[in-house]
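Numbering-wise, the numbering used here comes out as the position in the sequence shown, counting from 1, plus 3.
What follows is a set of notes on a single structure, which appears directly below.
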Amino acid sequence: MIFRLSDEEIWFPDPALAEEDGLLAVGGDLSSERLRLAYAHGIFPWFSEDDPILWYAPHERCVLFPDKVRVHKSMQQVFRQNRFSIRQDTAFEAVIRNCASVPRKGQDGTWITGAMQQAYLNLNRQGIAHSIEAWDGAVLAGGLYGLAVNGVFCGESMFSKVSNASKAALIWLCRHGGYRLIDCQLPNPHLMSLGAEMISRENYLAILQG
């Protein structure tokens, strides 16, 4: 059953009631209060420009345990050579803008709409959303952004303009972010090669709310 949310009342149904594809609810808004409530219960928005707001709570979650991140030889060399300077929260707006605009293989368009960008900028100003940036000199070469929720980093998106830049940002986050878990939401070969794994929604929520 897919639940319909209103703009007036901020609530979410039990994530266990999500459809097989993870879709839980439609509608509502992207206010900071609603987004904070969503992420605290393992729910996130994911929709295209012309769609209503869609809220997902997947039955399985792609996650990275920071102490299990795989750093392959090529990336070890990147760090030894200090290929990138890694910074946090110095260019959040530029990171989210690049995540929305940098082309990805096999992907047409973006789900990071203008309204989404503004919503996460608001959360960044509140100290909830954060960016990890890989700089090549004065050039923003890659990075990622997400939300900090109860010791878990809920990753939203990443981009690279230079090879290995987003990987460097993610590995730095695992090593230095101080988080118990990195939530990657949905799997892809890039994440799995770094040691990401699938856990059940129940296990994810136990960690998130523990």
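We treat Cβ as the ideally placed atom computed from N, Cα and C, and that holds for glycine.
For Gly25, which residues of its own chain have a beta-carbon under 7 angstroms away from its beta-carbon, when the five flanking residues on both sides are left out?
For the purposes of this step, residue 25 is taken as residue 22 along the sequence shown, with counting starting at 1. Tyr59, Ala60, Pro61 and His62.
Nonlocal neighbours in the same chain, by C-beta distance under 8 angstroms from Gln41, ignoring five residues either side:
Within the sequence shown, the letter at position 38 stands for residue 41. Contrary to the premise, residue 41 reads as Ala rather than Gln in this sequence. Taken in chain order, the residues that qualify are Phe15, Phe47, Pro48 and Trp58.
Do Gly154 and Tyr182 count as a contact pair if the criterion is CB distance below 8 angstroms?
Residue numbering aside, residue 182 sits at position 179 when the sequence shown is read from its first letter. Residue numbering aside, residue 154 sits at position 151 when the sequence shown is read from its first letter. Yes.
Nearest neighbour of Trp114, chosen from Gly140, Ser9, Phe82 and Asp54 [CA to CA]
On the sequence shown, residue 114 is found 111 positions in, with the first residue counted as 1. Closest option to Trp114, Cα to Cα, is Asp54.
Measuring CA to CA, which of Glu136, Pro18 and Ala21 is closest to Ala97?
Residue numbering aside, residue 97 sits at position 94 when the sequence shown is read from its first letter. If we check each option's Cα against that of Ala97, Glu136 comes out closest.
On a CA-only basis, which of Phe87, Phe156 and Leu176 is nearest Leu143? Give me that one, please.
Looking up residue 143 in the sequence shown gives position 140. For Leu143, the nearest C-alpha among the options comes from Phe87.
In angstroms with no decimal places, state the Cα-to-Cα distance between Ala141 and Asp186.
For the purposes of this step, residue 141 is identified with residue 138 of the sequence shown, where counting begins at 1. For the purposes of this step, residue 186 is identified with residue 183 of the sequence shown, where counting begins at 1. When rounded, the distance between both Cα atoms is 29 angstroms.
Just to confirm the assignment, what range does the alpha helix (DSSP H) spanning Tyr207 have?
Taking the sequence shown and counting its residues from 1, one reaches residue 207 at position 204. Here the alpha helix (DSSP H) through Tyr207 covers Arg204 to Leu211.
Beta-carbon proximity list for Glu36, same chain, < 7 angstroms, skipping 5 on both sides
Against the sequence shown, residue 36 aligns to sequence position 33. So the qualifying residues of the chain are Ile13.
Could you check which residue in Ile89, Ile131, Asp70 and Leu38 has the C-alpha nearest to that of Lys170?
Stepping through the sequence shown from its first residue, residue 170 is reached at position 167. The option with the nearest alpha carbon to Lys170 is Ile89.
Met4, DSSP secondary structure in three states
As a working mapping, residue 4 is identified with position 1 in the sequence shown. Coil.
Please state whether DSSP places Leu147 in a helix, a strand or coil.
Within the sequence shown, numbered from 1, the residue matching residue 147 stands at position 144. It is a strand residue.
DSSP puts Phe47 in a beta bridge; with which residues?
Locating residue 47 in the sequence shown gives position 44, where the first residue counts as 1. DSSP, once it has assigned bridges, lists Tyr59 as partnering Phe47.
Hey, could you find the ends of the beta strand (DSSP E) Lys27 is sitting in?
On the sequence shown, residue 27 is found 24 positions in, with the first residue counted as 1. Looking at the sequence shown, residue 27 is not Lys but Leu. Its beta strand (DSSP E) spans residues Leu26 to Gly30.
Using a Cβ-Cβ cutoff of less than 7 angstroms, which residues in the same chain neighbour Gly45 once the five nearest sequence positions on both sides are dropped?
If you number the sequence shown from 1, residue 45 lands on position 42. Here the set comprises Pro18, Ala60, Arg204, Tyr207, Leu208 and Leu211.
Alpha-carbon spacing of Leu194 relative to Gly213, whole angstroms:
If you number the sequence shown from 1, residue 194 lands on position 191. If you number the sequence shown from 1, residue 213 lands on position 210. Looking at the two C-alpha atoms, the distance is approximately 25 angstroms.
Whole-number beta carbon distance between Ala168 and Tyr148, since they are thought to touch under 8 angstroms
The residue labelled residue 148 in the question sits at position 145 within the sequence shown. The residue labelled residue 168 in the question sits at position 165 within the sequence shown. About 14 angstroms separates the two Cβ atoms, so there is no contact after all.
To test your reading of the DSSP string, which unbroken beta strand (DSSP E) runs of 3 or more residues are found completely within the region 81-141?
88-91 and 132-139
Going by C-alpha distance, which of Arg178, Gly145 and Gly198 is nearest Phe162?
Position 159 of the sequence shown, counted from the start, is the residue given in the question as residue 162. Nearest option by C-alpha distance: Gly145.
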